[in-house]
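Engineer: full-length UniProt numbering puts the first residue of the sequence shown at 1, with every later residue one more than the last. Ideal Cβ placement from N, Cα and C applies to all residues, glycine included. Nothing here was measured: the structure is a model prediction, and the numbers come from that model.
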Amino acid sequence: MSTIEILPAQLGEYYQAMTKEHGSPLLVLDRNKVRSRYRELCEALPNVELYYAMKSQCEPAFLEVLIAEGAGIDIATNGEIAILQQLEHRPKQLIHTHPFKKDADIRAALDFDCNTFVVDCVEELDKFAAYADKVELLLRVSCQNSAAKIDLSKKFGCHEASVASVLDEARRRGLTVKGLSFHVGSQCGSADMHVDAIALCARFFSSHPYLTCLDIGGGFPAPYDKTVVNLLDFCAPIRAALQQLDSRIRIIAEPGRCLSAPCFYSVATIMGVAAAEKAQWYFLDDGVYGSFSGAFYSGNRYPLQVFSDAAPESNAVLAGPTCDSVDVIYEDVMLPKLAINDVVVGPCMGAYTTVTASEFNAIAKPKLLIRDGHIEAVKQLQARS
Ligand SMILES: Cc1ncc(COP(=O)(O)O)c(C=O)c1O
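What follows is the structure, given as structure tokens:
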């Protein structure tokens, strides 16, 4: 199914003016949206401390807003620490969630006042021997999830049958395990897996009363299309499940995609058209080696907008700018006739887009443009046109 919306040509002119002034392709950040989206998630998950997973989008201007809102940050690499070091304000709280680390990673995190780390096996415990008095650990429990767009338990997580033995081993080594964590996978279709994982962890909280923290990971959905439920409704079963837990347990989460995706719009420009036998080809200046890289690793079908007052008339292909033939964003879509310099907009393009993009063919990643109020302005323009 195509998720390409055809919107009035007048709205396209607004974006064309933007590319005329700032170039193309662009990634437009609306900081008002960052605030409102963060508050929406806080409301959906009351009493849960949020650590934004900066792997999904690490743009400093975006991080600054979340940090000002009070978000903690989930880091996974030294590179992410280096980005945070450049910011004007430091996050109040940090958590390092990569289950596998080098000694230099642990030291860099500790030097940056992050002392909570995630492990998922006995072998990883050895690395903390020298820092036993400084670190607190969370044991990541595995939860396979075929319903998530991306199932991360294939790679990480301690099987439930081994949880007790890893906890015992940590204690024997004088390490503090303060709680459990899980990550049910990205862009979940429902909260069922979160609920099951909370129930699984609850059993270990009963049998190991010294555990006092539960990290419910990420996986909260970005609003890519109208079938995605809003955060308040999505999280309702999670709120109910958390209420069953002992009140001594502190709850934290590592949301990524749901916060970053809707705060950034991508704007690409058609730089070439070709009428082929079976389809009309449109060549954009951004593609799957750029902002649309999720098409490669998770088969993402990004919602897009094109602008025309005419009706759809031909089967079209939207292709990216590189010389690789896999660089195709959409095939088999009915579109109105578009022209060189027309724009193609992605309204939910903040998560796993520019961070996973490459610069293949030496094509630079999109330029960041900060436009507070952009989303509201577009809504008003759309209502008028
Ligand atoms: C450990 C961990 N936490 C949080 C996230 C963020 O997940 P999402 O973007 O689905 O919220 C990820 C994503 O890969 C992750 O690996």
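1. Is it the case that the CB of residue 194 approaches a heavy atom of ligand 1 more closely than 8 Å?
2. Would you mind reading off the limits of the beta strand (DSSP E) that contains residue 264?
3. Quick check on residue 11: does DSSP put it in helix, strand or coil?
4. Going by other Cβ atoms of all chains shown within 10 Å of its Cβ, with 16 needed for buried, is residue 172 buried or exposed?
5. Compute the Euclidean distance between the alpha carbons of residue 163 and residue 239, then round it to the nearest angstrom.
6. CA-CA distance, residue 191 and residue 237?
7. Let's test the definition: count the other Cβ atoms within 10 Å of the Cβ of residue 346 and tell me whether it reaches 16, buried, or not, exposed.
8. Could you tell me which uninterrupted beta strand (DSSP E) segments, each at least 3 residues in length, are contained entirely in the region 101-144, listed from first to last along the chain?
9. Would you kindly work out how many angstroms separate the C-alpha atoms of residue 222 and residue 257, rounded to a whole number?
10. So, do the region 328-346 and the region 362-369 have three or more beta carbon pairs nearer to each other than 8 Å?
11. Have a look at residue 122 and residue 275 and give me their C-alpha separation to the nearest angstrom.
12. Could you check the C-alpha separation between residue 225 and residue 189 for me, to the nearest Å?
13. Cβ of residue 74 within 8 Å of any heavy atom in ligand 1?
14. Between residue 263 and ligand 1, is there a pair consisting of the residue's CB and a ligand heavy atom that are separated by less than 8 Å?
15. Determine the extent of the alpha helix (DSSP H) in which residue 158 is found, giving its start and end residues.
16. Using 8 Å as the Cβ pair cut-off and three pairs as the minimum, do the region 82-92 and the region 132-139 touch?
17. I need the straight-line Cα distance from residue 3 to residue 181, nearest angstrom please.
18. Which of the three DSSP states, helix, strand or coil, is assigned to residue 49?
19. Please report how far the alpha carbon of residue 318 lies from the alpha carbon of residue 295, in whole angstroms.
20. Alpha carbon to alpha carbon, what distance is there between residue 249 and residue 58?
21. Can you grab the Cα-Cα spacing for the pair residue 76 / residue 10, in whole Å?
22. Using the beta-carbon count (16 or more within 10 Å), is residue 92 buried or exposed?
Structural biologist: Judging by the given coordinates:
1. no
2. Unbroken beta strand (DSSP E) run through residue 264: 264-275.
3. helix
4. So residue 172 counts as exposed.
5. 25 Å
6. 7 Å
7. buried
8. 116-119 and 136-140
9. 6 Å
10. no
11. 59 Å
12. 12 Å
13. yes
14. no
15. Residue 158 -> no alpha helix (DSSP H), and no H or E assigned at all.
16. Using a C-beta cut-off of 8 Å, the region 82-92 makes no contact with the region 132-139, since fewer than three inter-stretch Cβ pairs fall below that distance.
17. 34 Å
18. strand
19. 13 Å
20. 30 Å
21. 43 Å
22. exposed
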